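S.K.: According to the working numbering, the stretch in the sequence shown is residues 442 to 977, in order. All C-beta atoms in this analysis are idealised placements derived from N, C-alpha and C, irrespective of residue type, glycine included. Note that the coordinates shown come from a computational prediction; the quantities given were computed from them, not determined experimentally. I am attaching a structure below and will ask some questions about it afterwards.
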Amino acid sequence: MGKSIRYSRAKKLGVFGVSAVTVLSASLLLSDVSSGARKTNEDSFKVLQGTTTEQADGKYYLSSTLKNIQWGHLPNRDSKPVMSISSGATVTIDTVSHEGILEDQGRDPVEFFGKHGVKKDEVLSDAIAIAGSDLDHDFAGDGPHVVTGPIAVKGAEPGDVLKVEVLSLAPRVPYGVISNRHYKGALPGEFPENNGPQDGASADHPELYANVSTFTPLEKMNGKYYGVLPIESGGEVRFPAKPFMGLMGVAPNTSEKVSSIPPIETGGNIDINELGVGSTLYLPVQVKDALFFTGDPHFAQGDGEVALTAWEASLRGTFRLTVLKSDDPALPRNGEIKQPFAETEDYWIPIGLDEDLDEAMKESVREAIGFLHEKLGMDRATALAYMSAATDYEVSQVVDKTKGIHALIEKRHFINNLDLEVLADKKKVVSEMMNNEFYVSVDSLTDKLAGKKKTNHKKGATSTTVTLGGKKVTIVENSNIYNVNGKDVYHEGMPVSIDGELFIPVKAISEILGASVNWTTSGNTFTAKVTYNLKK
């Protein structure tokens, strides 16, 4: 079982160039903050060591032990897979954040995190093993990332596309780190604001690097996770956790060593913060069996990632990996797919990558025009006009040598041209589009997932209690408060009643009911695939 942790926070402290919200309590437990008053949260946080399979929801499980990882570089065509799975299978993968194990932090996570009150048994054992191993890692020349994999997906051939559905992401520890290093980030030469690095900087003398790493704890409020940072003049700033894997990809067709830093045409370090739970990523396959890998786990990242790193922290992720052949209607483009493409419930996401940010922008625009023309039937001139009026372009990151731009094409703009379909365990669920939001019938969804339900029409408001696996959830008409296993949880998606039957937003299914939801655009249909038992 995992380790229960209680965190109490104290003053800002600098250690080896590290600014921090310090952890002091001997028996650490995740704190809960509500209405400005800090109180103990009833839910203890359980550290997800590699020795526990809690929240390992997939049919397969891949740990982040030394034999299953690479440090600083990506798999290539010569890499040997550490696991082989069938197309369409689900796999849970442990990832390790590089923050806390790097040379400028002493390459000793026990000592590094210990300075913030974290006990040895609250540091991931695989992080300790990686830092203490004889793995060759050049701090100046190699990438920082710990990469788990590669995984062979049977049947994948060059020219195919690997569809990666992100089904779940669980924090392995209740803390992370945000780092700013000399000569890197959006303001190299300006930040960090000190005189580093100094002669003699090394893992033995990390303070001489004079880089700045900010220890950032995880807190829970109303069932949601937040990061907390101190304000020098007093108080603190709180921001929501939005976990995602910064690095997902398949092996490129080369025998050369491939750095983990720049994103490449087969994925890698693309750092797009939209790729959290519920997202789908399409990757062009260049080698037999695809050789999927992941890493660079984040609790949150602002677009641009300006300091250099995001809120870096270890995650346990579950993915469904599916091979798409050239004639599959789910492909985002006709013909050969040459670079990553993504989609979520809200957006289609064409991606542009280039060392020159202007060229990355052009590439993303070209990809978007091609998608709108080939997939949605718009003529190219109208596609460009539409995007100029209604599509946002965001800077994914500017710190990974190859820069990234991605478009956010809103799916709801096209709802009158495409059909909506929601499937639960491959069975169609009653669904509606209301107030520009996708909804499903609670009764229909519960039936298709083989759950139990009880509806109450008393007191002028319809409520339904759903029992699904280990969850008992009460859903009340026109209320943002859901009762999950006896505890109130807020979600922005509000249930509505139609002729006495409750409907909930699709985006509430994952968090409230604990089922995964992933979206695919197949032909002229938006399809939301709802899965409760991920081991099937």
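For I810 and R821, I'd like the C-alpha separation in whole angstroms.
M.R.: Start at 1 with the first residue of the sequence shown, and residue 810 comes out as number 369. Start at 1 with the first residue of the sequence shown, and residue 821 comes out as number 380. Answer to the nearest angstrom: the Cα atoms are 6 Å apart.
S.K.: Exposed or buried, I672, counting other C-beta atoms within 10 Å across all chains shown (16 or more means buried)?
M.R.: Working through the sequence shown from its first residue, we reach residue 672 at position 231. The residue is exposed, with fewer than 16 neighbouring Cβ atoms inside 10 Å.
S.K.: Start and end of the beta strand (DSSP E) containing M686?
M.R.: In the sequence shown, residue 686 corresponds to position 245, counting from 1. It spans 685 to 691 - the beta strand (DSSP E) in which M686 sits, taken as one unbroken run.
S.K.: Which of the three DSSP states, helix, strand or coil, is assigned to L732?
M.R.: In the sequence shown, residue 732 corresponds to position 291, counting from 1. L732 falls in the coil class under three-state DSSP.
S.K.: Name the residue from T735, L628, F554 whose alpha carbon lies nearest to the alpha carbon of P658.
M.R.: Residue numbering aside, residue 658 sits at position 217 when the sequence shown is read from its first letter. Checked all of T735, L628, F554; the closest Cα to P658 is F554.
S.K.: Can the beta-carbon of L732 be found less than 8 Å from the beta-carbon of A593?
M.R.: Here residue 732 refers to the residue found at position 291 when the sequence shown is read from its first residue. Here residue 593 refers to the residue found at position 152 when the sequence shown is read from its first residue. Yes.
S.K.: So for Y624, helix, strand or coil by DSSP?
M.R.: For the purposes of this step, residue 624 is taken as the residue at position 183 of the sequence shown. Here Y624 sits in coil by DSSP.
S.K.: Would the region 782 to 799 and the region 720 to 735 be scored as touching if the rule is three or more Cβ pairs under 8 Å?
M.R.: Because the criterion of three Cβ pairs below 8 Å is met, the region 782 to 799 and the region 720 to 735 touch.
S.K.: Distance check for V871 and D860, CA to CA, integer angstroms please.
M.R.: Residue numbering aside, residue 860 sits at position 419 when the sequence shown is read from its first letter. Residue numbering aside, residue 871 sits at position 430 when the sequence shown is read from its first letter. In a straight line, the C-alpha of D860 is about 13 Å away from that of V871.
S.K.: Pair every Cβ in the region 943 to 951 with every Cβ in the region 872 to 879, then say whether three or more of these pairs are closer than 8 Å.
M.R.: Counting Cβ pairs under 8 Å, three or more are found: they touch.
S.K.: Could you give the C-beta distance for G1007 and V691, rounded to a whole number, given that I count them as a contact under 8 Å?
M.R.: This structure cannot speak to residue 1007, because the chain is shown only from 442 to 977.
S.K.: So, are the CB atoms of P612 and F740 less than 8 Å apart?
M.R.: Locating residue 612 in the sequence shown gives position 171, counting from the first residue. Locating residue 740 in the sequence shown gives position 299, counting from the first residue. Going by C-beta atoms, P612 is nearer than 8 Å to F740.
S.K.: By how many angstroms is the C-alpha of V971 removed from the C-alpha of D640?
M.R.: Position 199 of the sequence shown, counted from the start, is the residue given in the question as residue 640. Position 530 of the sequence shown, counted from the start, is the residue given in the question as residue 971. Distance between the alpha carbons of D640 and V971 is about 56 Å.
S.K.: Could you tell me the distance, in whole angstroms, from the CA atom of S904 to the CA atom of H932?
M.R.: Here residue 904 refers to the residue found at position 463 when the sequence shown is read from its first residue. Here residue 932 refers to the residue found at position 491 when the sequence shown is read from its first residue. About 16 Å.
S.K.: Helix or strand or just coil, what does DSSP make of Y827?
M.R.: By 1-based counting over the sequence shown, the position of residue 827 is 386. In this structure, Y827 counts as helix in the three-state DSSP scheme.
S.K.: Please look up how many angstroms separate the CB atoms of A754 and P738, rounded, as I've assumed it's under 8 Å.
M.R.: Here the question's residue 754 lines up with position 313 in the sequence shown. Here the question's residue 738 lines up with position 297 in the sequence shown. Rounded, the Cβ-Cβ distance is 6 Å, consistent with contact.
S.K.: Could you please give the first and the last residue of the uninterrupted alpha helix (DSSP H) stretch that includes A530?
M.R.: Position 89 of the sequence shown, counting from 1, holds the residue named residue 530. Not the alpha helix (DSSP H): A530 falls in the beta strand (DSSP E), residues 530 to 535.
S.K.: Going by C-alpha to C-alpha distance, which of T759, Y880, K894 sits closest to N978?
M.R.: Residue 978 lies beyond the residue range present for the chain, which begins at 442 and ends at 977; the question has no answer from this structure.
S.K.: Please list the terminal residues of the continuous alpha helix (DSSP H) segment that includes G590.
M.R.: Taking the sequence shown and counting its residues from 1, one reaches residue 590 at position 149. Taken as a continuous stretch (DSSP letters only), G590 belongs to no alpha helix (DSSP H), being part of the beta strand (DSSP E) at 587 to 594.
S.K.: Is it the case that the Cβ atoms of G736 and T589 are separated by a distance below 8 Å?
M.R.: Within the sequence shown, the letter at position 295 stands for residue 736. Within the sequence shown, the letter at position 148 stands for residue 589. Yes. Within cutoff.
S.K.: Which ranges does the alpha helix (DSSP H) cover as unbroken runs of at least 4 residues, wholly within the region 802 to 852, from first to last along the chain?
M.R.: Here the runs fully enclosed are 821 to 831.
S.K.: Which whole-angstrom value describes the C-beta separation of V488 and V618, a residue pair presumed to lie in contact below a C-beta threshold of 8 Å?
M.R.: Here the question's residue 488 lines up with position 47 in the sequence shown. Here the question's residue 618 lines up with position 177 in the sequence shown. With 8 Å as the limit, V488 and V618 do not qualify as a contact, their Cβ atoms being about 16 Å apart.
S.K.: Whole angstroms are fine: how far does the CA of S957 sit from the CA of L762?
M.R.: As a first step, residue 762 is located in the sequence shown; it is residue number 321 there, counting from the start. As a first step, residue 957 is located in the sequence shown; it is residue number 516 there, counting from the start. Rounded to the nearest angstrom, the two C-alpha atoms are 14 Å apart.
S.K.: For the beta strand (DSSP E) that contains G668, what are its first and last residues?
M.R.: As a working note, residue 668 is residue 227 in the sequence shown. Start and end: 665 to 671.
S.K.: Where does V746 fall in DSSP's three states?
M.R.: As a position in the sequence shown, residue 746 is number 305, starting the count at 1. Correcting the residue identity first, residue 746 is Glu in this sequence and not Val. Here E746 sits in coil by DSSP.
S.K.: Can you give me the start and stop residues for the beta strand (DSSP E) that G758 sits inside?
M.R.: In the sequence shown, the residue the question calls residue 758 occupies position 317. Counting along the chain, the beta strand (DSSP E) containing G758 begins and ends at 756 to 765.
S.K.: Could you tell me how far apart the beta carbons of T915 and N924 are, in whole angstroms, since I believe they sit closer than 8 Å?
M.R.: One-based indexing of the sequence shown puts residue 915 at position 474. One-based indexing of the sequence shown puts residue 924 at position 483. Sure, about 4 Å apart at Cβ, within 8 Å.
S.K.: For V523, name the three-state secondary structure that DSSP assigns.
M.R.: What you label residue 523 is simply residue 82 of the sequence shown in a count that begins at 1. V523 falls in the coil class under three-state DSSP.
S.K.: CA-CA distance, D645 and P638?
M.R.: Numbered from 1 along the sequence shown, position 204 holds the residue referred to as residue 645. Numbered from 1 along the sequence shown, position 197 holds the residue referred to as residue 638. So the two alpha carbons sit approximately 14 Å from each other.
S.K.: So does S829 have its beta carbon nearer than 7 Å to some heavy atom of the ligand ADP?
M.R.: The ligand ADP is absent from the structure shown, which contains no ligands of any kind.
S.K.: Give the straight-line distance between the Cα atoms of P585 and S701, rounded to the nearest whole angstrom.
M.R.: Taking the sequence shown and counting its residues from 1, one reaches residue 585 at position 144. Taking the sequence shown and counting its residues from 1, one reaches residue 701 at position 260. When rounded, the distance between both Cα atoms is 7 Å.
S.K.: Could you tell me which of K816, V839, L749 sits nearest to T966, measuring between CA atoms?
M.R.: Locating residue 966 in the sequence shown gives position 525, where the first residue counts as 1. T966 has its Cα closest to that of K816, out of K816, V839, L749.
S.K.: Could you tell me which residues DSSP puts in a beta bridge with F580?
M.R.: Counting from one through the sequence shown, the residue named residue 580 turns up at place 139. Answer by DSSP bridge pairing: none, since F580 is not bridged.
S.K.: For Q727, does the three-state DSSP call read helix, strand or coil?
M.R.: Here residue 727 refers to the residue found at position 286 of the sequence shown. It is coil, neither helix nor strand.
S.K.: List the endpoints of the continuous beta strand (DSSP E) containing V870.
M.R.: Reading the sequence shown from its first residue, position 429 is the one you call residue 870. 868 to 870 is the span of the beta strand (DSSP E), which, as asked, contains V870.
S.K.: Measuring CB to CB, does V978 end up less than 8 Å from G600?
M.R.: Absent from the model: residue 978. The displayed extent of the chain is 442 to 977, so no value can be given.
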